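These notes are about the structure you will find just below.
In the numbering used here, the protein residues as written are 3 to 264.
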């Protein structure tokens, strides 16, 4: 807990630098781009349209309001996958600054991940408009959406701490993480429902941590109800465990970063 408290104190002490890094991250991402941040929305929406067309009209998953079902799963997945992959290189990509002056290392993955989540929040807002377009009624469980996004954020941040620490020593980690996430996409019920799996194999899905996050987002926007404890409980446990473990590993390894940065 001392490492957690220290990291929080460092972030508060360098909050102006953190805000500048987030701003820089956004500016660099959209520099010389005509549509700017809209690309972060267009890409997933195009992917959604393509998957929805294939799996609702060609392969035909018989899931009611399939585009919303798919959109909710895809939004949850992107919040974790995109952020974690990009934040993996946050230390290595800022090695020039790290070698020159003292800067709390924890600030870099936080800045990169936060910049990513600005786009993801917009994506969740668009998801809400889609639910209205498809005639799904709004419900009181939508008040949980900010907490659900925060759970995704801190879970992703925990993963990012671990991946960024490993990337400093082994520069292949970012590529490995991207490949693993590609495989896990099809092992997670995003484009299909868990009910399509044979019952004897469903227990394997419950071992997949991403299953709980995907279902958590679906409850208020697709199932139109509060998530049950069997979904909400594991998400809380996974979020706390990933964040604390990731931060502990990061703070333990950061004193060695300078020896591996070149």
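Ideal Cβ placement from N, Cα and C applies to all residues, glycine included.
Note that the structure is a prediction, hence the values are computed from the model and not measured.
- By the C-beta criterion, the region 79–96 is judged not to be in contact with the region 230–239, since fewer than 3 inter-stretch pairs fall below 8 Å.
- Taking the Cα of residue 96 as reference, the smallest distance to any Cα among 87, 107, 86 is reached at 107.
- If you draw a 10 Å sphere on the C-beta of residue 254, you find fewer than 16 other C-beta atoms in it, and that means exposed.
- Every unbroken stretch of the alpha helix (DSSP H) spanning 4 or more residues and falling wholly within the region 145–202 is given here in chain order: 147–171, 175–188.
- A straight-line Cα-Cα distance of about 10 Å links residue 79 and residue 219.
- Remark: fewer than three beta-carbon pairs, one from each stretch, lie closer than 8 Å, so the region 220–234 and the region 163–179 are not flagged as touching.
- If you draw a 10 Å sphere on the C-beta of residue 198, you find fewer than 16 other C-beta atoms in it, and that means exposed.
- Within the region 69–126, the runs of alpha helix (DSSP H) at least 4 residues long that lie entirely inside it are, in chain order, 97–102.
- Distance check between residue 138 and each of 212, 7, 225, 118 places 225 closest, using alpha-carbon atoms only.
- The C-beta of residue 174 has fewer than 16 other C-beta atoms within 10 Å across all chains shown, which makes the residue exposed.
- In the DSSP annotation of this structure, residue 138 is not part of any alpha helix (DSSP H), being labelled neither H nor E.
- The residue from 25, 126, 133 with its alpha-carbon nearest to that of residue 67 is 133.
- Excluding sequence positions up to five before and after residue 99, its CB lies within less than 7 Å of the CB of 105, all in the same chain and listed in chain order.
- The C-alpha of residue 129 lies about 10 Å from the C-alpha of residue 76.
- Bounds of the alpha helix (DSSP H) holding residue 211 are 211–220.
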